[in-house]
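Working notes, structure below.
Protein chains: 2
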Amino acid sequence: MRSPEDWLKQALVILRREGVEGVRVERLARDLSISKGSFYWHFRDRSDLLGRMLDYWDSEMTGAIIEETERKGGTPVQRLWTIMTTVRRRHAADFDVAVRAWAAFDRTAAKVVKRVDARRLDFVRSRFRELGFRGRALDTRTRLFVHYVSTEPSILPRPPAAEGEKLARAALSLLTARPDDQGQG
Amino acid sequence: MRSPEDWLKQALVILRREGVEGVRVERLARDLSISKGSFYWHFRDRSDLLGRMLDYWDSEMTGAIIEETERKGGTPVQRLWTIMTTVRRRHAADFDVAVRAWAAFDRTAAKVVKRVDARRLDFVRSRFRELGFRGRALDTRTRLFVHYVSTEPSILPRPPAAEGEKLARAALSLLTARPDDQGQG
DNA sequence: CAGCTTACATACGCCCACGTATGGTACTGA
DNA sequence: TCAGTACCATACGTGGGCGTATGTAAGCTG
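First to last, the protein sequences are chains C and R. Residues 1 to 185, numbered by our numbering, are exactly what the first sequence covers, in order. Residues 1001 to 1185, numbered by our numbering, are exactly what the second sequence covers, in order.
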């Protein structure tokens, strides 16, 4: 007795580890020790599953993180820091890399990525605006931050966790420092 | 009469647009209007082609760019700028996204990525060191720069070319500014 | 011009994945 | 107890890709 969530979760495990191409119906069935019959009971077809995966990614790796950040509250810098730690805790960057590679050849995925990017950029831009940045300085910091947080943790060689956290803090300091501040990052 | 280079080039076109999974022997043959027989004359098998693609990526998207940068010369900041423009001109970031997604489930690709990352980080770190950065400030700037240049141009929504160049310049200013400098980025 | 090599074309067997059809079992309400 | 539904197993047809076996035409080479 498998729920659609069981299939979805396993699909996401594979997505993170191997990308979309690893997400195959019969393979998931083997992983879950069940037959394809179950899958086609819960899902219309493979593309139905893929669509739901994109929805999940959108809501869990963007919506939920923004909401958690707003719930926790704090100064703009503290909120940006909350984003960084939450993203790391959820291994969100692994999903990002997989989904973005997927979006390179899939219209549906590309649409979701576009929407997600806009939402992330908007949220982060608002924080930097609260910090007093305007114009190109605002755009640059926003893009650098969103890009860094979205994919860096899964791309460059990972330092040990403690060192990784210090590097993230330093990056945040660097991006949030006003040009006339002293001694940051 | 196709050369191995014809196959390799077409394979790279597909890699950039669709990722490794799009790189299929029979599909490339159709693209080139020739039969599989040719492919298996020039290549041992599919994985032979994939290996050569990784070699090409390594040498063209890292080695060649570093060499071009050193040939052009200039101040450390000018050299970093050369890297940024060269990467954009070659669409290197598109390849990066594809290869990194590939490396998530392929040991061979992962090894090449690791080597490439080390080389890029080393080169860029040397430039930031010449600019006077040390310790964590050095590491942070190095990682931010390499990560930004490697994948940003293919990930976040692309601004028009002119605006993209200004954003890149602003990012470079921000990353190369000393904490005691005024009015940058 | 016979014979060898280059550079393909064609055909085949294999495997794996998709989606469907069909059948089975366990529970559930009347 | 019996129909009905939820949930799954199994078997099948189809298609695409891989690699190999074999054929073949064109160009040297002596």
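Where is the CB? At the ideal position from N, CA and C, for every residue including glycine.
{"Query": "What residues from the region 1153–1166 of chain R come within 7 Å of chain C, judged by C-beta to C-beta, listed N to C?", "Result": "1155, 1156, 1157 and 1166"}
{"Query": "Residues of chain C with a CB under 9 Å from the CB of residue 1122(R): which are they?", "Result": "Those within 9 Å of residue 1122(R) in chain C number zero; the least Cβ separation is about 12 Å."}
{"Query": "Please confirm whether residue 1144(R) has its beta-carbon closer than 9 Å to some beta-carbon of chain C.", "Result": "yes"}
{"Query": "Shorter than 9 Å from the beta carbon of residue 148(C) to some beta carbon of chain R?", "Result": "yes"}
{"Query": "What does residue 22(C) reach in chain R if we use C-beta pairs closer than 8 Å?", "Result": "1105"}
{"Query": "Confirm, please, whether the CB-CB distance from residue 99(C) to residue 41(C) is below 9 Å.", "Result": "no"}
{"Query": "Can you give me the Cβ contacts of residue 1028(R) inside the same chain, cut-off strictly under 8 Å, excluding the 5 residues immediately before and after it?", "Result": "1007, 1010, 1011, 1014 and 1039"}
{"Query": "Using a C-beta to C-beta distance shorter than 7 Å, which residues of chain C count as neighbours of residue 998(R)?", "Result": "Residue 998(R) cannot be examined here, being either before or after the span of chain R that is shown, 1001 to 1185."}
{"Query": "Rounded to the nearest angstrom, what separates residue 1150(R) and residue 1083(R) at their Cα positions?", "Result": "10 Å"}
{"Query": "Is the region 129–149 of chain C touching the region 1129–1137 of chain R in the sense that three or more CB pairs, one from each, lie closer than 8 Å?", "Result": "no"}
{"Query": "Counting only Cβ pairs nearer than 7 Å, list the residues of chain R close to residue 58(C).", "Result": "Near residue 58(C) there are no residues of chain R at all, since even the closest Cβ is about 16 Å away, more than 7 Å."}
{"Query": "Pick helix, strand or coil for residue 42(C), following the three-state DSSP scheme.", "Result": "helix"}
{"Query": "If I follow the unbroken alpha helix (DSSP H) through residue 77(C), where does it start and stop?", "Result": "76–89"}
{"Query": "Leaving out five residues before and five after residue 127(C) in sequence, what residues of the same chain have Cβ atoms less than 7 Å from its Cβ?", "Result": "76, 79 and 80"}
{"Query": "Any Cβ of chain R within less than 9 Å of the Cβ of residue 176(C)?", "Result": "no"}
{"Query": "How about the region 1161–1175 of chain R and the region 1095–1110 of chain R: do they share at least three Cβ pairs that are nearer than 8 Å?", "Result": "no"}
{"Query": "Return the first residue and the last residue of the alpha helix (DSSP H) that residue 133(C) is part of.", "Result": "Neither: residue 133(C) is in no alpha helix (DSSP H) and is coded neither H nor E."}
{"Query": "Can you tell me which of 152(C), 143(C), 156(C) and 153(C) puts its alpha carbon nearest to the alpha carbon of residue 1159(R)?", "Result": "143(C)"}
{"Query": "Can you look up residue 33(C) in the DSSP assignment and give me helix, strand or coil?", "Result": "coil"}
{"Query": "Give me the chain R residues within the contact set of residue 97(C), using Cβ-Cβ distance strictly less than 8 Å, ordered along the chain.", "Result": "1097, 1100, 1101 and 1104"}
{"Query": "Kindly list, in the order they appear in chain C, the residues whose Cβ is closer than 7 Å to that of residue 1140(R).", "Result": "167, 170, 171, 174 and 185"}
{"Query": "Would you please state the rounded distance, in angstroms, between the beta carbons of residue 1091(R) and residue 1016(R)? I believe it to be under 8 Å.", "Result": "7 Å"}
{"Query": "For residue 1093(R) and residue 1043(R), I'd like the C-alpha separation in whole angstroms.", "Result": "27 Å"}
{"Query": "When the cut-off is 9 Å and only beta carbons count, does residue 182(C) lie next to chain R?", "Result": "With a pLDDT of 44 at residue 182(C), under the threshold of 50, the modelled position of that residue is not reliable, and the figure given next carries that caveat. Yes, because at least one Cβ of chain R sits closer than 9 Å to the Cβ of residue 182(C)."}
{"Query": "Residues in the same chain with beta-carbon distance under 7 Å from residue 1052(R), minus the five sequence neighbours each way, listed in chain order, please.", "Result": "1008"}
{"Query": "Taking the alpha-carbon positions, what's the residue 1117(R) to residue 154(C) distance?", "Result": "13 Å"}
{"Query": "If you draw a straight line from the C-alpha of residue 68(C) to the C-alpha of residue 95(C), how long is it?", "Result": "19 Å"}
{"Query": "Quick one, are the C-beta atoms of residue 1088(R) and residue 1168(R) less than 9 Å apart?", "Result": "yes"}
{"Query": "Can you confirm whether residue 1001(R), when its beta carbon is compared against all beta carbons of chain C, has any partner nearer than 9 Å?", "Result": "no"}
{"Query": "Taking the alpha-carbon positions, what's the residue 115(C) to residue 1020(R) distance?", "Result": "25 Å"}
{"Query": "Kindly indicate which three-state DSSP category residue 1059(R) falls into: helix, strand or coil?", "Result": "helix"}
{"Query": "From residue 30(C) to residue 179(C), what distance separates their C-alpha atoms?", "Result": "56 Å"}
{"Query": "Look up residue 1048(R) in the DSSP assignment and say whether it is helix, strand or coil.", "Result": "helix"}
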